[in-house]
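A.B. asks: Before I ask anything, here is the structure I am working with.
Protein chains: 2
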Amino acid sequence: MTSRRATLSDVARLAGVSLGSASRALSVPEQVKPATLESVQRAVEQLGYVRNGAAQALASRRTRMVAAIYPTLNNPVYADSIQYLQQTLWDHGYRLMIASHEYKHVRESEVLRGIVERGVDGLVLVGTDHGDDVFDLVRQYDIPYVLTWSLDETRYAHCVGFSNYDAAYRLARRVIARGHRHIALCTGVADGNERVRARAEGTLAAMQEAGIAFHPEWRVEVPFSFEGGREALRRLWDARETPPGVIICGTDLQAVGVLDACRSRGIAVPHQLSVTGFDDIELGQLTTPPLTTVHVPAIDIGVRAARHVVALIEGKAVGAELALEAPVIERESLGNAPQAR
Amino acid sequence: MTSRRATLSDVARLAGVSLGSASRALSVPEQVKPATLESVQRAVEQLGYVRNGAAQALASRRTRMVAAIYPTLNNPVYADSIQYLQQTLWDHGYRLMIASHEYKHVRESEVLRGIVERGVDGLVLVGTDHGDDVFDLVRQYDIPYVLTWSLDETRYAHCVGFSNYDAAYRLARRVIARGHRHIALCTGVADGNERVRARAEGTLAAMQEAGIAFHPEWRVEVPFSFEGGREALRRLWDARETPPGVIICGTDLQAVGVLDACRSRGIAVPHQLSVTGFDDIELGQLTTPPLTTVHVPAIDIGVRAARHVVALIEGKAVGAELALEAPVIERESLGNAPQAR
DNA sequence: CTGAAAGCGCTAACAT
DNA sequence: ATGTTAGCGCTTTCAG
Numbered sequence: 001m002t003s004r005r006a007t008l009s010d011v012a013r014l015a016g017v018s019l020g021s022a023s024r025a026l027s028v029p030e031q032v033k034p035a036t037l038e039s040v041q042r043a044v045e046q047l048g049y050v051r052n053g054a055a056q057a058l059a060s061r062r063t064r065m066v067a068a069i070y071p072t073l074n075n076p077v078y079a080d081s082i083q084y085l086q087q088t089l090w091d092h093g094y095r096l097m098i099a100s101h102e103y104k105h106v107r108e109s110e111v112l113r114g115i116v117e118r119g120v121d122g123l124v125l126v127g128t129d130h131g132d133d134v135f136d137l138v139r140q141y142d143i144p145y146v147l148t149w150s151l152d153e154t155r156y157a158h159c160v161g162f163s164n165y166d167a168a169y170r171l172a173r174r175v176i177a178r179g180h181r182h183i184a185l186c187t188g189v190a191d192g193n194e195r196v197r198a199r200a201e202g203t204l205a206a207m208q209e210a211g212i213a214f215h216p217e218w219r220v221e222v223p224f225s226f227e228g229g230r231e232a233l234r235r236l237w238d239a240r241e242t243p244p245g246v247i248i249c250g251t252d253l254q255a256v257g258v259l260d261a262c263r264s265r266g267i268a269v270p271h272q273l274s275v276t277g278f279d280d281i282e283l284g285q286l287t288t289p290p291l292t293t294v295h296v297p298a299i300d301i302g303v304r305a306a307r308h309v310v311a312l313i314e315g316k317a318v319g320a321e322l323a324l325e326a327p328v329i330e331r332e333s334l335g336n337a338p339q340a341r
Numbered sequence: 001m002t003s004r005r006a007t008l009s010d011v012a013r014l015a016g017v018s019l020g021s022a023s024r025a026l027s028v029p030e031q032v033k034p035a036t037l038e039s040v041q042r043a044v045e046q047l048g049y050v051r052n053g054a055a056q057a058l059a060s061r062r063t064r065m066v067a068a069i070y071p072t073l074n075n076p077v078y079a080d081s082i083q084y085l086q087q088t089l090w091d092h093g094y095r096l097m098i099a100s101h102e103y104k105h106v107r108e109s110e111v112l113r114g115i116v117e118r119g120v121d122g123l124v125l126v127g128t129d130h131g132d133d134v135f136d137l138v139r140q141y142d143i144p145y146v147l148t149w150s151l152d153e154t155r156y157a158h159c160v161g162f163s164n165y166d167a168a169y170r171l172a173r174r175v176i177a178r179g180h181r182h183i184a185l186c187t188g189v190a191d192g193n194e195r196v197r198a199r200a201e202g203t204l205a206a207m208q209e210a211g212i213a214f215h216p217e218w219r220v221e222v223p224f225s226f227e228g229g230r231e232a233l234r235r236l237w238d239a240r241e242t243p244p245g246v247i248i249c250g251t252d253l254q255a256v257g258v259l260d261a262c263r264s265r266g267i268a269v270p271h272q273l274s275v276t277g278f279d280d281i282e283l284g285q286l287t288t289p290p291l292t293t294v295h296v297p298a299i300d301i302g303v304r305a306a307r308h309v310v311a312l313i314e315g316k317a318v319g320a321e322l323a324l325e326a327p328v329i330e331r332e333s334l335g336n337a338p339q340a341r
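Keeping their order, the protein sequence lines are chains R and Z.
Under full-length UniProt numbering, think of the first position of the first sequence as 1, with each following residue one higher.
Under full-length UniProt numbering, think of the first position of the second sequence as 1, with each following residue one higher.
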């Protein structure tokens, strides 16, 4: 009963036109006579015709698909970005193929290989730090790509992002202005992740500028999750005779974990300990106390990256770099430094 | 310099075998002589050959892609599910094409049409309530699909989900057992969303069973977001002379919004007002107080739905329905009913 | 086990 | 503006 899926030539025959005209009626309707267009449309409707994407892709060498590889899909800051990336791509006639690499370097190139094999017209990646094999592959197959979340110092690539270094620097200045000198850092795996590195460097730069010494043991590397944040607090607070006055976290997820751990062990934030994050996920407004953080324009990155990659695919001129704002958002989790101990 | 992308016949020529053998060496290696296999592999490597997915799809009529349409991609409970759906599909050799409909009925069929056009081997949808055009299209094109999050009473379709009705009923019983009789409902748009309907019905059934009257004005319909929850509290609390003793929310996002609004206006939870959610997003454990909710097995749904749709695609036998558990998780946001007023 | 050859359904010259 | 036709790169009979 599932009669063979109708093809374009079925449509052409029914409409009484040639295959070529039928094809044109669907893809460049302004190039056919209204009468032709109409009869084709009628035939399409009558047959319930749906284009065969594989055939179209094979013949035209364009798949109308864009792939995006994110570290994870369920970090809220990425989820927001993906949501808008997808919508914007769709509005431009592109579908989104999505994948994640779980912060694993090798996984990213495997995943990319699978994607290239399937065929995509463009690619969106998070960050600028990728394996050589990643860049080799996209260059070999000449796939337009845009890097997001960071700006690329080398200016080789198209980027839609912001300066993580600068944002972290500005945040640290605000922290220091509150009198803090006992500053701890909660970061994550830095390998293959220039955002982590840039944020830490920006923080350290502000400290150095203020003449504040940094003790390496006041830097912990934990997963980018609530649990990671809890672990960070355990390691930074419990095991020290001089506790830090503030913990600067690389991501909001970690910062919220730190806040949660503070609550469960009765540490008063910000009186005993200040906490800052980075990302500005919505949840950071709902914690007790609300979280001081850096606003990462995740939604904007999604929208702009989509437009940018589409422009590249369609050969439109675009600047190589789109630098967005990432303002510091000061809320109650950052307070004045506890009195000198 | 970007020399033409190598094709299979380039590989075959270099390996000194026929096109057919080269193809077989890649897709059914056990059907070729080891020597043949090896020389093909060498040629592949030497040329940096990558399969052309469009050609493969056209010839084999399989795209090795699965599409999923979710209401939104950034609700944490969906984001978790997507993350695991994607990973599991990938492990089975399928890519994920993702889209969202923003709870808009018509959008879902548009989106599906675009997906079918691009070609996918299988489909994952959230919920059982979809437009006729949705079902028509997947049946016409004979695309295996699995419905998630709910169980389908009609048993027509393949489902991976749980009984929303039953879970809501069990939760409501727990609420009632705490002495609550002034019960308000915070729901969302029910059109095209059987989850919302089932949850509300399950709640009302428990109330009715306990002989508790329900006042229609104690049911508000707000967006599935923090802000929706805040709005619900405004409408249910401020405008009433007899405030409710508990607000049962259809989703955790709303419940967290309610909690936030309670905090900002000094309503003590659970002493003055109890609040419950539904989803068990991780953040529900971090609120003050932690949220009573229903655990929705989002991750499991992702994994199982992926396996299920792959099984359907590959013609393996599978039961039509996979019913998962959705236990009530009682935390401090649910307390005893305030003393009779 | 391998080679030859016929498409898969569409696009994009090219010619009219 | 429309018809004709040659592929796009691969899979899959079918012989051998």
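We treat Cβ as the ideally placed atom computed from N, Cα and C, and that holds for glycine.
(1) Give the residues of chain R in contact with ASP260(Z), contact being defined as C-beta atoms less than 7 Å apart.
(2) Where do the ends of the beta strand (DSSP E) carrying ILE143(Z) lie?
(3) Is any beta-carbon of chain Z found at less than 8 Å from that of ASP80(R)?
(4) How many Å lie between LEU96(R) and ALA99(Z) at the Cα?
(5) Hey, LEU125(Z) and LEU147(Z) are a contact pair by Cβ (cut 8 Å); roughly how many whole angstroms apart?
(6) Would you mind stating whether ALA306(Z) and LEU85(Z) have Cβ atoms separated by less than 8 Å?
(7) If GLU38(Z) and VAL50(R) are in contact, beta carbons under 8 Å, what's the gap, nearest whole angstrom?
(8) Whole beta strand (DSSP E) runs in the stretch 154-188 of chain Z with 3 or more residues, listed along the chain?
(9) Could you check whether the Cβ of TYR103(Z) sits closer than 8 Å to any Cβ belonging to chain R?
(10) List the residues of chain R whose Cβ lies closer than 9 Å to the Cβ of MET97(Z), in chain order.
(11) When the Cα of ALA198(R) is compared with those of HIS215(R), THR251(R), ALA239(R) and PRO243(R), which residue comes out closest?
(12) Quick check on THR292(Z): does DSSP put it in helix, strand or coil?
(13) Do ARG174(R) and GLU330(R) have their CB atoms nearer than 8 Å?
(14) Once DSSP output is grouped into helix, strand and coil, what is the label at SER225(Z)?
(15) Can you find a CB in chain Z that lies within less than 8 Å of the CB of ARG341(R)?
(16) Given GLY161(R), which residues of its chain have a CB within under 6 Å of its CB, disregarding the five upstream and five downstream residues?
(17) Output needed for PRO270(R): all residues of its chain with C-beta closer than 7 Å, excluding positions within five of it in sequence on either side, in chain order.
(18) Indicate whether at least one CB of chain R lies closer than 8 Å to the CB of ASN164(Z).
(19) What do you get for HIS215(R), buried or exposed, if any count of 16 or more other CB atoms within 10 angstroms of its CB means buried?
(20) Closer than 8 Å, CB to CB, is PRO289(Z) near chain R or not?
(21) Touching or not, the stretch 220-231 of chain R and the stretch 171-190 of chain R, by the rule of three or more beta carbon pairs under 8 Å?
(22) Could you tell me which whole beta strand (DSSP E) segments of length 3 or greater appear in the stretch 239-281 of chain Z?
(23) Leaving aside the five residues before and after ARG195(R) along the sequence, list all residues of the same chain whose C-beta is less than 7 Å from its C-beta, in chain order.
(24) Does the separation of the CB atoms of LEU47(R) and LEU14(R) fall below 8 Å?
(25) By how many angstroms is the C-alpha of GLY302(R) removed from the C-alpha of ALA68(R)?
(26) What number of angstroms, rounded off, separates the C-alpha of THR287(R) from the C-alpha of GLN140(Z)?
(27) Mind checking THR242(Z): buried by the 16 CB within 10 Å criterion, or exposed?
(28) Indicate the three-state DSSP secondary structure (helix, strand or coil) for THR203(Z) in the structure shown.
(29) ARG64(Z): buried (16+ other C-beta within 10 angstroms of its C-beta) or exposed?
(30) Out of ALA210(R), VAL120(R), SER60(R) and HIS130(R), which has the shortest C-alpha to C-alpha gap to ARG107(R)?
(31) If you drop the 5 nearest sequence neighbours on each side, which residues of the same chain put their C-beta closer than 6 Å to that of GLY202(Z)?
(32) Taking C-alpha atoms, which residue in ASN75(Z), SER21(Z) and VAL258(Z) lies nearest to GLU231(Z)?
(33) For LEU19(Z), count neighbouring C-beta atoms within 10 Å of its own C-beta (all shown protein chains included) and say buried if the count is 16 or more, exposed if not.
(34) Compute the Euclidean distance between the alpha carbons of ARG341(Z) and GLU217(Z), then round it to the nearest angstrom.
(35) Using CA atoms only, rank isn't needed, just tell me which of ILE248(Z), ARG235(Z) and ASP260(Z) is closest to MET207(Z).
(36) DSSP state of PRO327(R), grouped into three classes?
C.D. replies: With the structure as the only source:
(1) LEU286
(2) From DSSP, ILE143(Z) is part of no beta strand (DSSP E); its letter is neither H nor E.
(3) yes
(4) 7 Å
(5) 5 Å
(6) yes
(7) About 42 Å; that fails the 8 Å criterion.
(8) 158-161 and 183-187
(9) no
(10) MET65, ARG95, LEU96, MET97 and ILE98
(11) THR251(R)
(12) strand
(13) yes
(14) coil
(15) Any reading at ARG341(R) needs caution, since the residue's pLDDT is 47, under 50, leaving its predicted position unreliable; the model's value is listed next. By this cut-off, ARG341(R) is not an interface position.
(16) THR148, TRP149, SER150 and LEU151
(17) PRO289, GLU332, SER333, LEU334 and GLY335
(18) no
(19) exposed
(20) no
(21) yes
(22) 246-249 and 274-276
(23) GLY127, TRP149, SER150 and ASN164
(24) yes
(25) 10 Å
(26) 49 Å
(27) exposed
(28) helix
(29) buried
(30) HIS130(R)
(31) TYR165, ALA168 and TYR169
(32) VAL258(Z)
(33) exposed
(34) Any reading at ARG341(Z) needs caution, since the residue's pLDDT is 48, under 50, leaving its predicted position unreliable; the model's value is listed next. Distance between the alpha carbons of ARG341(Z) and GLU217(Z): 19 Å.
(35) ILE248(Z)
(36) coil
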